[in-house]
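For the sequence shown, full-length UniProt numbering assigns the number 1 to the initial residue and increments by one for each residue that follows.
Below: the structure, in structure tokens.
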Amino acid sequence: MKGQRLRLVYNPYAGRRKLTVQLDTVIRIFQESGNEVCVHRACSPEDMEQIASRSSDVDRFVIAGGDGSIHQAVNGLLKIPEDQRPALGILPVGTANDLAYALHLPKSIPEACKVIAKGNVFRMDTGQVNDRYFVNVASAGLLTDVSQKVDTRVKNTLGQLAYILKGIETLPSFRPFRIEYEKDGQQFTDDVVLFLAVNGHSVGGLRKLVPKASLTDGLLEVLIVPAAGWPETIRLLLNVLRGEKVSAEKIKEFQTTELTILTDRPIKSDLDGEYGPESSWHIKIGPKISVLC
1 MKGQRLRLVY NPYAGRRKLT VQLDTVIRIF QESGNEVCVH RACSPEDMEQ
51 IASRSSDVDR FVIAGGDGSI HQAVNGLLKI PEDQRPALGI LPVGTANDLA
101 YALHLPKSIP EACKVIAKGN VFRMDTGQVN DRYFVNVASA GLLTDVSQKV
151 DTRVKNTLGQ LAYILKGIET LPSFRPFRIE YEKDGQQFTD DVVLFLAVNG
201 HSVGGLRKLV PKASLTDGLL EVLIVPAAGW PETIRLLLNV LRGEKVSAEK
251 IKEFQTTELT ILTDRPIKSD LDGEYGPESS WHIKIGPKIS VLC
């Protein structure tokens with residue numbers, strides 16, 4: 001689209017810093033497609049969110065980074081009234097790039113720029129946990145805070161393998177936790193090792209995890225893995241990772257627009273690979289956001 005004002009915000013440490021070496025190419029493609037481009041090098045996750053929240057002066061807000069960077073951008077953009085909010089463009093240069101996968105965005109940076117330049121808008125669901133939004137997944141329990149604990153340099157070098165190795169390291173010290181929630185007028189209590197509320201198609205690069213999930217249906221896909229003794233728990237987790245939940249009868253899976261989760265002790269949550277609110281959680285579908293894809 002011609003004559004658009006575009007703000008490009010990039011995480012200089014994401015994905016082996018591959019955006020920084022192509023920055024001139026990115027700016028050239030955007031300018032040649034008629035965009036007036038301004039560039040912001042983010043110095044922190046909070047900086048990404050803050051600059052996004054102040055971007056009512058542009059038509060397109062482009063974030064270059066992984067799912068965590070997109071998370072920060074969306075939480076900033078949703079502070080802007082909808083009639084003043086720019087459309088979100090994504091240059092997927094992170095490790096897992098779950099949302100980019102769900103949106104079928106090209107892996108090539110120049111090709112992703114061309115998609116943004118075309119200006120086709122997709123209206124996408126978001127999720128909300130207490131006062132924070134997420135685009136792909138809200139989670140708690142085993143393995144869910146791994147991305148926050150992995151050193152950026154290790155993540156860029158090993159990719160998804162870094163998550164797996166760090167996850168194995170956390171197993172001996174993990175304690176299951178109890179959740180209480182209401183569904184269809186019934187009260188449920190479960191001791192669990194993993195809780196997920198998913199909006200997108202994949203989590204942490206696991207493409208078959210929630211094949212029924214949709215970015216547009218106004219529903220969240222909830223997945224609960226119970227504590228069942230470590231041998232059985234590990235078997236259930238492997239079923240989840242392989243996308244074989246049908247054969248794991250103990251795993252609970254359902255769709256909802258809203259859910260309140262109470263826990264027996266304070267539990268940290270993870271939203272799109274970033275720290276989320278501590279329990280208890282009021283989880284629901286959030287407002288839609290416009291994405292260029």
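Just so you know, even glycine gets a beta-carbon here, dropped at the ideal spot from N, CA and C.
Since the model is a prediction, treat every value here as computed from it, not as a measurement.
For C38, the enclosing beta strand (DSSP E) stretches over residues N35 to R41. In the three-state scheme derived from DSSP, where H, G and I count as helix and E and B as strand, H71 is classed as helix.
V203 has its alpha-carbon roughly 20 Å from the corresponding atom of I63. Here the alpha carbon of G141 sits roughly 16 Å from the alpha carbon of I283. Around the beta carbon of S44, a 10 Å sphere encloses fewer than 16 other beta carbons of the protein chains shown; the residue is thus reported as exposed. Approximately 6 Å separates the beta-carbon atoms of V135 and D272; this is inside 8 Å, confirming the contact. For P287 and D125, the gap between their C-alpha atoms comes out near 6 Å. Beyond the five residues adjoining it in sequence on each side, E274 comes within less than 6 Å, by CB distance, of G68 and H71 in the same chain, given in chain order. T95 is a Cβ neighbour of G66, given a cutoff of 7 Å. Around the CB of L262, fewer than 16 other CB atoms lie within 10 Å, so the residue is classed as exposed. With distances taken between CA atoms, N97 lies nearest to H201 out of H201, P226 and P277.
With respect to the 7 Å criterion, R132 and G276 are classified as neighbours on the basis of their beta carbons. The C-beta of P266 has fewer than 16 other C-beta atoms within 10 Å across all chains shown, which makes the residue exposed. Inclusion of D264 and R178 in the CB contact set at 7 Å is warranted, their separation being smaller than that value. Contact annotation, N11 with A42: C-beta distance approximately 5 Å; criterion of less than 8 Å satisfied.
By the beta-carbon neighbour count (other beta carbons within 10 angstroms, threshold 16), P81 is exposed. Boundaries of the alpha helix (DSSP H) harbouring E49: P45 to S53, taken from the DSSP string. In this structure, E36 keeps its C-beta atom at 7 Å or more from the C-beta atom of R85.
Within a 10 Å sphere around the beta-carbon of D270 sit 16 or more other beta-carbons, which makes this residue buried.
For V9 and A227, the gap between their C-alpha atoms comes out near 42 Å.
A14 sits in coil when the DSSP states are folded into three classes, being neither helix nor strand. Per DSSP, V62 is not a residue of any alpha helix (DSSP H); the beta strand (DSSP E) it occupies stretches across R60 to G65. Judged by DSSP in its simplified three-state form, A138 adopts strand. For the set K268, T260, I51 and C38, the Cα lying nearest the Cα of Y181 is the one of T260. The beta carbon of A138 sits closer than 7 Å to those of G127, V129, A197, S269, L271, G276 and I283, all from its chain and outside the five residues before and after it, given in chain order. Between A102 and L236, the C-beta spacing is not below 7 Å.
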